[in-house]
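Counting in our numbering, the sequence shown runs from 43 upward without gaps. Below is one structure, written out as structure tokens; the observations come after it.
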Amino acid sequence: ILNIPADARWAQNGVTVAGGHGRGSATNQLDWSYGLFVDDDQTMVIADLRNHRIIQWKMGDKNGQVVAGGHDQGSRLDQLKYPADVLVDKETDSLIICDLGNDRVVRWSRRSGTTQGEILIDNIWCWGLVMDDQRYLYISDTDKHEVRRYQIGDKNGTIVAGGNGEGAGLNQLDYPTYIFVDQQQTVYVSDRDNHRVMKWNKGAKEGIIVAGGQGQGDALTQLSYPRGLFVDTLGTIYVANSGNSRVMRWPKGAKQGTVIVGGNGEGEGANQFKSPEGGFITTEKNETRYILHLNKNLFISTSRSTICYSCTMIWRILCLMDNVDKFMCTINLTNN
């Protein structure tokens, strides 16, 4: 996990690294893609939601490669239906996918010749998933308003946040979407419809409000439909504040945050967002960092000198925003 300097400055403009040819199903197009995972070799694995597929995109390529699904929407094991998130399990060299429309989590091997997946967990409205250092899966269930932790092979899991019905109490969540888990297995949750970020210590029966929680709004004390988030080693929270088209930085214990990206009105400009969603932070020698948001079915990245070759994945966030035909943008963080 990174310690991001408080005085870090964030570049506002970028270049296209995936998609950018309008919405569509060709391999150079994306359509309402949501989740993103960036591997160590800078291969992007993208949950291409309305194309019902997972598409892989190597840095510099003009076209992606379909690596799961892509056989129209459906419930067969060779099909996906509105996949919302994806991660790479390096130990098994496989993809783990939130197959949202089929109410299941599936695994697809990345090995050559794989034609279908296997069901890991079913009867779950999976919206976001992460894996910790011990290979536990954490999955948000927006229907049950909870987050559960699973060992691979476990069908039931253990509630680690929420699970007390929909609500605004400290032991409740209301439409939890994206999650972050630190090395102590502390769970941070974007509690979307409560307009707050919650922190649940390991074993806790209720959470702590660590950002927002002052009602929906655009004041620096407020959030509006928070989405993806990252927490650094100092406990500073970075959250995609979707309803306000900006990304905010919220130091540990602070009563209000600061705007670090966006805040220039909703729009298509290189320094604007429309419903910022989520993304990755990666790091390399030139200190490149990434954020991602929905921006016309493309990824945008910025870098001081290159588009971050040989990075190591540190952060992933993602989010849902209805009726937005935009896709992912990445923003560079620099220290100079």
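All C-beta atoms in this analysis are idealised placements derived from N, C-alpha and C, irrespective of residue type, glycine included.
State the CB to CB distance for the pair Asp120 and Asn93, rounded to an integer number of angstroms; the pair is presumed to be in contact (CB under 8 Å).
The C-beta distance from Asp120 to Asn93 rounds to 15 Å, too long to fall under 8 Å, and the pair is not in contact.
According to DSSP, is Asp174 part of a helix, a strand, or is it coil?
DSSP places Asp174 in coil when its eight states are reduced to three.
In chain order, which continuous runs of the alpha helix (DSSP H) of length 4 or greater are located wholly inside the stretch 97-133?
Counting only runs of at least 4 residues, the stretch 97-133 fully encloses no alpha helix (DSSP H) element at all.
Pairwise C-alpha distance: Gly116 and Ile359
Confidence is the limiting factor: at Ile359 the pLDDT is only 27, short of 50, which leaves the residue's position unreliable, though a coordinate-based value still follows. Distance from the CA atom of Ile359 to the CA atom of Gly116, rounded to whole angstroms, is 26 Å.
Tell me, please, whether the stretch 197-215 touches the stretch 257-264 by the rule of three or more beta-carbon pairs shorter than 8 Å.
Contact fails: fewer than three Cβ-Cβ distances are below 8 Å.
Separation of Trp169 from Thr278, as counted between CA atoms:
Taking the straight line from one Cα to the other gives about 24 Å.
For Asp224, which residues does DSSP report across the bridge?
For Asp224, which the question treats as bridged, DSSP gives no partner whatsoever.
If you run the structure through DSSP and keep just helix, strand and coil, what is Ser266?
If DSSP states are grouped into helix, strand and coil, Ser266 belongs with coil.
Which first and last residues belong to the beta strand (DSSP E) in which Lys241 is found?
Segment Arg238 to Trp242, the beta strand (DSSP E) holding Lys241.
So what's Leu78 in DSSP terms, helix, strand or just coil?
Leu78: strand per DSSP, three-state reduction.
To the nearest angstrom, report how far apart His335 and Asp127 are at their CA atoms.
Because the pLDDT of His335 is 36, which lies under 50, any placement of that residue in the model is unreliable, and the question is left without a value.
Just verifying my parser: in three-state terms, what is the DSSP assignment at Asn283?
Note: Asn283 maps to strand in three-state DSSP.
Determine, for Arg118, whether the minimum Cβ-Cβ distance to residues of chain C falls below 9 Å.
Among the protein chains of the structure shown there is no chain C, as only one such chain exists.
Own chain partners of Thr348 with C-beta closer than 6 Å, once the 5 adjacent residues on each side are dropped
Note that Thr348 scores a pLDDT of 25, beneath 50, so its modelled location is shaky and nothing firm can be said.
With DSSP as the reference, label Thr330 as helix, strand or coil.
At Thr330 the pLDDT is 42, less than 50, meaning the model places this residue with poor confidence; the figure from the coordinates comes in the next sentence. The answer is coil: DSSP assigns Thr330 none of H, G, I, E or B.
Three Cβ pairs or more, each shorter than 8 Å: is that satisfied between the stretch 129-147 and the stretch 157-168?
Contact holds: three or more Cβ-Cβ distances are below 8 Å.
Using alpha carbons as the reference points, say which of Glu160, Lys247 and Phe272 lies closest to Ala253.
Of the candidates Glu160, Lys247 and Phe272, the one whose C-alpha sits nearest the C-alpha of Ala253 is Phe272.
Does the distance from the C-beta atom of Val239 to that of Val281 stay below 9 Å?
The answer is yes: Cβ separation under 9 Å.
Kindly indicate which three-state DSSP category Arg149 falls into: helix, strand or coil?
Annotated three-state conformation of Arg149 is strand, per DSSP.
Straight-line CA distance for Lys241 to Lys247?
Taking the straight line joining both Cα atoms gives about 11 Å.
Terminal residues of the beta strand (DSSP E) in which Gly304 lies
Note, Gly304: beta strand (DSSP E), Thr300 to Gly304.
From Tyr178 to Asp274, what does the alpha carbon distance come to, in whole angstroms?
Each residue's Cα considered, the two are about 20 Å apart.
Reference Asn105, options Ala60, Asn283 and Phe222, closest by Cα:
Closest in alpha carbon position to Asn105, among Ala60, Asn283 and Phe222, is Ala60.
State yes or no: is the C-beta of Asp196 within less than 9 Å of the C-beta of Val189?
Contact check for Asp196 against Val189 fails: the beta carbons are separated by 9 Å or more.
Arg234 to Gln107 span [Cα, whole Å]
Approximately 32 Å, taken between the alpha carbons.
Tyr217 - partner residues in DSSP beta bridges:
Partner(s): none; Tyr217 has no beta bridge.
With Thr200 as the anchor, note down where its beta strand (DSSP E) starts and where it stops.
Where Thr200 is concerned, the enclosing beta strand (DSSP E) stretches over Thr200 to Gly204.
Considering Ile181, what are the terminal residues of the beta strand (DSSP E) in which it resides?
Where Ile181 is concerned, the enclosing beta strand (DSSP E) stretches over Leu179 to Asp183.
Collapsed DSSP secondary structure at Asp274 in the structure displayed
Coil.
6 Å Cβ shell around Gln298 - same chain, five flanking residues per side excluded
Taken in chain order, the residues that qualify are Leu262 and Thr263.
Rounded straight-line distance, which links the Cα of Tyr220 to that of Arg118
Approximately 27 Å between the Cα atoms of the pair.
Roughly how many angstroms separate the alpha carbons of Asn25 and His63, rounded to a whole number?
One cannot answer for residue 25 here, as it falls past the ends of the chain, which runs 43 to 378.
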